[in-house]
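First comes the structure, then the notes that go with it.
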Amino acid sequence: MELHTNKEERLSSGQLYQMKVKRGLDLVFAVLLVIYLSPIMLGLAIWIKLDSKGPVLFRQERVGRNGEPFKIYKFRSMSDDAPHQMATSEFDSALSYITRSGRIMRKLSLDELPQLFNVIKGEMSFIGPRPLIAKEEYVLQLRRANGAEDVTPGITGLAQVRGRDEVTDDQKAAYDGEYAKDLSFKEDCSILFKTVADVVQGRGVHDGGYN
Numbered sequence: 077m078e079l080h081t082n083k084e085e086r087l088s089s090g091q092l093y094q095m096k097v098k099r100g101l102d103l104v105f106a107v108l109l110v111i112y113l114s115p116i117m118l119g120l121a122i123w124i125k126l127d128s129k130g131p132v133l134f135r136q137e138r139v140g141r142n143g144e145p146f147k148i149y150k151f152r153s154m155s156d157d158a159p160h161q162m163a164t165s166e167f168d169s170a171l172s173y174i175t176r177s178g179r180i181m182r183k184l185s186l187d188e189l190p191q192l193f194n195v196i197k198g199e200m201s202f203i204g205p206r207p208l209i210a211k212e213e214y215v216l217q218l219r220r221a222n223g224a225e226d227v228t229p230g231i232t233g234l235a236q237v238r239g240r241d242e243v244t245d246d247q248k249a250a251y252d253g254e255y256a257k258d259l260s261f262k263e264d265c266s267i268l269f270k271t272v273a274d275v276v277q278g279r280g281v282h283d284g285g286y287n
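Right under this line is the structure:
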């Protein structure tokens, strides 16, 4: 018992929050949202199938907490012949690949809804650094250096509410490190509310820039 107590005392408040509170909240709300949003998700799936050829879901390997790879789920917003293991910002002409349904889904962030299943599986959180592909080595190295890799990646994060598609790689990594250092319930709530406001107002979104 004493050893267990001493171990907990060595953990920061942010680590305790991530281990004992954040995961529980993520799981409960992700399950509830999947149930509540299932009619919308079904409607989007049908729309995607009618709009273009290819699967409903887009799966891509991303780098998760502690550098562990996982498959992220998104509604497919591009044609099926678009490059898969590449950040959208690296495309020569991303707009030429985005489907009609994808343009609207990306603007409203509806393509992110399947990531609720990543949250349920424990691979993602609602709030955290956006998971990157392995080829984005520069930002990943910066994250590793500033401790952001120790945090579970999220559907939205500090970098997204501070510019989303408009932030540079250096700014993105700096914001991710800032979030990891000050991990708290209060900060998560603040980011969540700002994300909702940004989506409603369409701030910081450019077709082809967000991955």
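Residue numbering for the sequence shown follows the working numbering, starting at 77 and increasing by one per position. Note that the Cβ used here is the ideal one computed from N, Cα and C, for glycine as well.
Starting from the C-beta of Q289, find all residues in its chain whose C-beta is less than 7 Å away, skip the five residues before and the five after it, and write them out in chain order. The structure shown does not extend to residue 289, since the chain is modelled only from 77 through 287, so no value can be given for it.
S201 - DSSP class collapsed to helix/strand/coil: strand
Pairwise C-alpha distance: E225 and G143: 7 Å
Tell me which same chain residues have a C-beta within less than 6 Å of the C-beta of F193, skipping the five on either side of it? When the five nearest sequence neighbours on each side are left out, the beta carbons in the same chain lying within less than 6 Å of the beta carbon of F193 are those of Y149, in order along the chain.
Would you mind working out which of L120, N222 and L92 sits nearest S376, comparing C-alpha positions? The first residue shown for the chain is 77 and the last is 287, placing residue 376 beyond what the model contains.
Would you mind reading off the limits of the beta strand (DSSP E) that contains T232? G230 to T232
Using 8 Å as the cut-off, can you tell me whether the stretch 256–267 makes contact with the stretch 198–215, which would need three or more C-beta pairs spanning the two stretches below that distance? yes
Taking the alpha-carbon positions, what's the L101 to Q277 distance? 27 Å
Are the beta-carbon atoms belonging to A221 and P145 less than 9 Å from one another? no
Check P145 in the structure and name its three-state DSSP category. strand
Buried or exposed for I116, going by 16 or more other Cβ atoms inside 10 Å? When all chains shown are included, I116 counts as exposed.
Which residue's Cα is closest to the Cα of L189: Q91, L171, L108 and L126? L108
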